[in-house]
Amino acid sequence: MLSSIKKERRKLLFIHKQERIEPIEERVDIILSPAYYWFKEESLPAKSVAQAKKLAPSVFDGAIPDGTYSYAAIKKEGTFWLFAYNDALIAARLDALGIAAAKIGDIYCAQTEFIDIERPVAIDEKSVLIKTDDKISIAPAAYAADAIPMERFLQEHTPSKHALHVNLFQNSLIEEKYLYRLIALLVAVIVVYFANYMLLKRSYKAQLVEKMRIAQEYDLPQTSFELKALQRSLTSKHKRELRFRRDFKKLLTIALRPKEHIREIAIEQKRASVAITLQNVKRAEAIKDEIAKRFTIKSAKVKNGIFYVGVAR
8 MLSSIKKERR KLLFIHKQER IEPIEERVDI ILSPAYYWFK EESLPAKSVA QAKKLAPSVF
68 DGAIPDGTYS YAAIKKEGTF WLFAYNDALI AARLDALGIA AAKIGDIYCA QTEFIDIERP
128 VAIDEKSVLI KTDDKISIAP AAYAADAIPM ERFLQEHTPS KHALHVNLFQ NSLIEEKYLY
188 RLIALLVAVI VVYFANYMLL KRSYKAQLVE KMRIAQEYDL PQTSFELKAL QRSLTSKHKR
248 ELRFRRDFKK LLTIALRPKE HIREIAIEQK RASVAITLQN VKRAEAIKDE IAKRFTIKSA
308 KVKNGIFYVG VAR
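Right, here's the structure in full:
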């Protein structure tokens, strides 16, 4: 996959088959010689780079040695540039040259970075890079007397937006200083975890002691069976009290006339009764009808101007 994100300008290195390079003190960008990748330009039944990349393995099948490869694609007018490269081979080569993975920024192909050259570019005394039919390849230096020095090209060149995604850590160890940092971080995490564990353990113990103290002080149930029984009992009591309030409200809201009032209300488990002072004994029937809308009437009588009604709850 190719990246289009560019950061600060870094020193460029061209990697071919040199035996050694100067020590690297800061991060660098790498341009790979055609010796480290395979290139094809193809017309494909694809509309996007992502689709072309999926087709790349079949394009290179049988044309490159067996191995595990990564693939990249660049869309051109009517065609796609396809790249196949071996991450392990590239990582091993850079490691052999003493270039730590942490010192490497972006990695490019010679095909994308030298495509605009008008003259050959010298790799060393024996080899040059040349462009033939928009393909960058290696040729003997004897055929290019007017080649541009590689150092000059690298100093003047601005890298393209087509960086390769190369896994540099699969065949190399983590740098020693980073390993020490990871170990220090791991130790710190362990210390924090252990401290939190001890605090939580101490807090849990304190809560357990407090729970036992409260249970003993208030004689609370200890087993889950006892707790569930208590919960059922309290739930039943709560429902009874809600029903009591509902029935009490129904009796209190009976429509009465002036000079009529409720003298007494009694509510039991299954029955309720109300005594109402009447304005006129003839009002008893109307009040009875009103109560009948809300309860089942069990008894009703008038005595000394007071209407006594018993209902079922």
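Numbering (the numbering used here), first residue to last: 8 to 320. Where a beta carbon is used, it is the ideal one built from N, C-alpha and C, also for glycine. Remember, it's a predicted structure, so these values are computed and weren't measured experimentally.
Cβ-Cβ separation, residue j to residue i (assumed contact under 8 Å), whole Å
i, j, result
"THR284", "ILE313", "6 Å"
"LYS60", "ALA80", "4 Å"
"LEU39", "TYR115", "7 Å"
"ASN93", "THR119", "18 Å between Cβ atoms; not a contact."
"GLU275", "ARG290", "Rounded, the Cβ-Cβ distance is 26 Å, inconsistent with contact."
"ILE304", "LYS310", "Their Cβ separation, rounded to whole angstroms, is 17 Å, which puts ILE304 and LYS310 out of contact at 8 Å."
"LEU258", "ILE272", "5 Å"
Per-residue burial, residue i [other beta carbons within 10 Å of its own, 16 or more giving buried]
i, result
"VAL128", "buried"
"HIS169", "buried"
"GLN214", "exposed"
"ARG126", "exposed"
"SER306", "exposed"
"ASP36", "buried"
"ALA154", "buried"
"SER10", "Residue placement at SER10 is flagged as unreliable, the pLDDT there being 49, under the threshold of 50; the coordinate-derived value follows with that caveat. With fewer than 16 Cβ atoms within 10 Å of its Cβ, SER10 is classed as exposed."
"LEU189", "exposed"
"ILE12", "Note that ILE12 scores 46 on pLDDT, short of 50, meaning its location in the model is unreliable; the coordinates nonetheless yield the value given after this. Exposed: under 16 other Cβ atoms inside 10 Å."
"ILE298", "buried"
"ILE221", "exposed"
"ALA108", "buried"
"LEU101", "buried"
Residue range of the alpha helix (DSSP H) that includes residue i
i, result
"ARG320", "Looking at the DSSP string, ARG320 is not in any alpha helix (DSSP H), and its letter there is neither H nor E."
"ALA103", "94-103"
is_contact[residue i, chain D] using C-beta, thresh 8 Å
i, result
"ILE197", "Of the chains in the structure shown, none is chain D; there is only one protein chain."
### Query
Are there three or more Cβ pairs, one per stretch, closer than 8 Å when the region 38-52 is compared with the region 81-94?
In short, these stretches touch, since the Cβ pair count reaches three.
### Query
Whole alpha helix (DSSP H) runs in the region 111-159 with 4 or more residues, listed along the chain?
Those alpha helix (DSSP H) runs which fall completely within the region 111-159 and span 4+ residues are 117-120.
### Query
Which whole runs of the beta strand (DSSP E) in the region 247-314 are 3 residues long or more, in chain order?
Complete beta strand (DSSP E) runs here, min 3: 268-274, 278-284, 303-310.
### Message
For the region 136-144 against the region 189-198, do three or more pairs of beta-carbon atoms, one drawn from each stretch, fall closer than 8 Å, so that the two count as touching?
### Response
No, they do not touch.
#### Entry: Three or more C-beta pairs below 8 Å linking the region 52-67 and the region 153-170
Flag = no, the region 52-67 and the region 153-170 do not touch.
### Message
Report the start-end ranges of each alpha helix (DSSP H) in the region 11-90 that is 4 residues or longer and not cut off at the edges.
### Response
The region 11-90 contains these whole alpha helix (DSSP H) runs: 56-67.
### Message
Quick check for students: name the residue ranges of the alpha helix (DSSP H) that lie wholly in the region 190-217, counting only runs of 4 or more.
### Response
Here no run is fully enclosed.
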